[in-house]
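Asker:
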Ligand SMILES: [Zn+2]
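In the working numbering, the protein residues as written are 7 to 259.
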């Protein structure tokens with residue numbers, strides 16, 4: 007285990023101790039990754055934790071999201087789901103697992119769909135309505151993965167800090183499913199005004215969840231695009247650039 011992880015666990019244990027809750031295993035955990043996936047995760051970690059020659063984080067927004075999560079007292083596992091022949095159409099996902107006993111929230115899980123991120127287009131058609139074009143100029147895979155990680159870490163902080171973390175996304179899912187069911191029932195007839203109103207409500211609920219994560223992702227992207235520019239266009243030059251800049255923090259135990 008890297009020294010910083012041990013430090014984060016100690017910090018989390020202190021916070022937990024203050025709260026009277028046992029969160030000894032809090033922090034970002036990579037123990038669900040396979041031996042083949044771990045080196046990819048280490049590359050992403052190097053991007054997140056890279057520091058310049060003065061010791062300042064090279065990607066301060068990304069680093070801040072990571073540190074907030076590490077000392078938050080929450081347990082967040084990382085997963086790289088293997089493709090099953092069908093694209094998920096999603097570069098990442100954050101979910102809160104339920105405990106085996108029922109409805110109470112357990113561990114948070116950040117999933118990065120690496121193949122989908124690799125394949126994501128940076129053509130103009132992929133530009134979002136707010137003007138942001140994900141992965142623009144990022145040819146290095148670890149930088150692309152780090153952008154999605156930033157988005158999902160923002161979700162994790164937003165959702166896990168709620169008193170009822172299962173409810174926020176649960177309400178949206180339930181409302182969206184009901185809406186879809188009712189739209190199917192109205193097939194062939196003009197949409198009822200009530201359906202339109204509910205569709206608007208679902209969109210507002212979704213936007214309330216997505217907007218902070220998209221803003222965090224855009225800020226992270228600006229940092230990563232600067233790294234890509236500094237290293238030149240070649241993806242391999244990014245890791246050399248970062249390992250030189252990272253210094254001691256790039257070394258692992
Ligand atoms: Zn999102």
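In this text, a Cβ means the ideal position worked out from N, Cα and C, and glycines have one as well.
(1) Grab the span of the alpha helix (DSSP H) containing residue 156 for me, first residue to last.
(2) My guess is that residue 122 and residue 96 are in contact by the Cβ rule of under 8 Å, so how many angstroms apart are they, rounded?
(3) Does ligand 1 have a heavy atom nearer than 7 Å to the CB of residue 157?
(4) Let me make sure I understand the geometry here. Which of 181, 191 and 68 has the alpha-carbon closest to that of residue 211?
(5) Per DSSP, what kind of secondary structure is residue 206 in: helix, strand or coil?
(6) Spatial neighbours of residue 85 within its chain, please: C-beta separation below 8 Å, excluding the five flanking residues on both sides.
(7) Between which residues of its own chain and residue 222 is the CB-CB distance below 6 Å, once the five residues before and five after are set aside?
(8) Around the Cβ of residue 126, are there at least 16 other Cβ atoms within 10 angstroms (buried) or fewer (exposed)?
(9) For the beta strand (DSSP E) containing residue 34, name the first residue and the last one.
(10) Mark residue 164 as exposed unless 16 or more other C-beta atoms lie within 10 angstroms of its C-beta, in which case mark it buried.
(11) In angstroms, rounded to a whole number, what distance separates the CA positions of residue 51 and residue 73?
(12) Which class does residue 169 belong to by DSSP, given the choice of helix, strand or coil?
(13) Using the three-state DSSP reduction, which class does residue 42 fall into: helix, strand or coil?
(14) Mind checking residue 150: buried by the 16 CB within 10 Å criterion, or exposed?
(15) Using 10 angstroms around the beta-carbon of residue 166, count the other beta-carbons present and answer buried if the total reaches 16, otherwise exposed.
(16) What are the boundary residues of the alpha helix (DSSP H) that includes residue 244?
(17) Any heavy atom of ligand 1 closer than 7 Å to the beta-carbon of residue 247?
(18) Quick one: grab the DSSP three-state call for residue 99.
(19) Reducing DSSP to helix, strand and coil, say where residue 81 ends up.
(20) Express the C-alpha separation of residue 242 and residue 250 in angstroms, rounding to a whole number.
(21) Measuring straight from C-alpha to C-alpha, what distance separates residue 257 and residue 46?
(22) Alpha carbon to alpha carbon, how far is residue 124 from residue 225? Give it in angstroms, no decimals.
(23) Please report the straight-line C-alpha distance between residue 137 and residue 220, rounded to a whole angstrom.
(24) Residue 49: beta carbon under 7 Å from a heavy atom of ligand 1?
(25) Is residue 216 near ligand 1, in the sense that its beta carbon is under 7 Å from a heavy atom of that ligand?
Answerer: So, from the data block:
(1) If you number the chain shown from 1, residue 156 lands on position 150. Segment 147 to 166, the alpha helix (DSSP H) holding residue 156.
(2) Here residue 122 refers to the residue found at position 116 of the chain shown. Here residue 96 refers to the residue found at position 90 of the chain shown. Contact flag correct, Cβ pair sits at about 6 Å.
(3) Mapped onto the chain shown, residue 157 falls at position 151. Ligand 1 has a heavy atom closer than 7 Å to the beta-carbon of residue 157.
(4) One-based indexing of the chain shown puts residue 211 at position 205. Of the candidates 181, 191 and 68, the one whose C-alpha sits nearest the C-alpha of residue 211 is 181.
(5) Here the question's residue 206 lines up with position 200 in the chain shown. DSSP places residue 206 in the helix class (H, G or I) of the three-state scheme.
(6) Here residue 85 corresponds to residue number 79 of the chain shown, with the count starting at 1. Counting only Cβ-Cβ distances below 8 Å, and skipping sequence neighbours, we find 38, 39, 115, 116, 117 and 118.
(7) Residue numbering aside, residue 222 sits at position 216 when the chain shown is read from its first letter. Closer than 6 Å at Cβ, skipping near neighbours: 156 and 160.
(8) One-based indexing of the chain shown puts residue 126 at position 120. Counting Cβ neighbours within 10 Å, residue 126 comes out buried, since at least 16 surround it.
(9) As a working mapping, residue 34 is identified with position 28 in the chain shown. Under the DSSP assignment, residue 34 falls in the beta strand (DSSP E) whose first and last residues are 33 to 35.
(10) Your numbering for residue 164 matches position 158 in the chain shown. So residue 164 ends up on the buried side.
(11) On the chain shown, position 45 is the one that residue 51 refers to. On the chain shown, position 67 is the one that residue 73 refers to. In this model, residue 51 and residue 73 are separated by some 12 Å (Cα to Cα).
(12) If you number the chain shown from 1, residue 169 lands on position 163. Reduced to three states, the DSSP call for residue 169 is coil.
(13) On the chain shown, position 36 is the one that residue 42 refers to. Note: residue 42 maps to coil in three-state DSSP.
(14) For the purposes of this step, residue 150 is taken as residue 144 along the chain shown, with counting starting at 1. So residue 150 ends up on the buried side.
(15) Numbered from its first residue, the chain shown carries residue 166 at position 160. Per the 10 Å Cβ criterion, buried.
(16) Translated into positions along the chain shown, residue 244 becomes position 238. Unbroken alpha helix (DSSP H) run through residue 244: 241 to 252.
(17) On the chain shown, residue 247 is found 241 positions in, with the first residue counted as 1. For ligand 1, not one heavy atom lies less than 7 Å from the Cβ of residue 247.
(18) Position 93 of the chain shown, counted from the start, is the residue given in the question as residue 99. Residue 99: strand per DSSP, three-state reduction.
(19) Here the question's residue 81 lines up with position 75 in the chain shown. In this structure, residue 81 counts as strand in the three-state DSSP scheme.
(20) Your numbering for residue 250 matches position 244 in the chain shown. Your numbering for residue 242 matches position 236 in the chain shown. Going by the C-alpha atoms only, they are around 13 Å apart.
(21) Along the chain shown, one-based indexing puts residue 257 at 251. Along the chain shown, one-based indexing puts residue 46 at 40. In this predicted model, residue 257 has a pLDDT of only 41, less than 50, meaning its place in the structure is not dependable; the value taken from the coordinates is given anyway. So the alpha carbons of these two residues sit roughly 15 Å apart.
(22) Against the chain shown, residue 225 aligns to sequence position 219. Against the chain shown, residue 124 aligns to sequence position 118. Roughly 20 Å between the two C-alpha positions.
(23) Residue numbering aside, residue 137 sits at position 131 when the chain shown is read from its first letter. Residue numbering aside, residue 220 sits at position 214 when the chain shown is read from its first letter. When rounded, the distance between both Cα atoms is 11 Å.
(24) Reading the chain shown from its first residue, position 43 is the one you call residue 49. No, ligand 1 has no heavy atom inside 7 Å of this Cβ.
(25) By 1-based counting over the chain shown, the position of residue 216 is 210. Taken from the Cβ of residue 216, at least one heavy atom of ligand 1 lies inside 7 Å.
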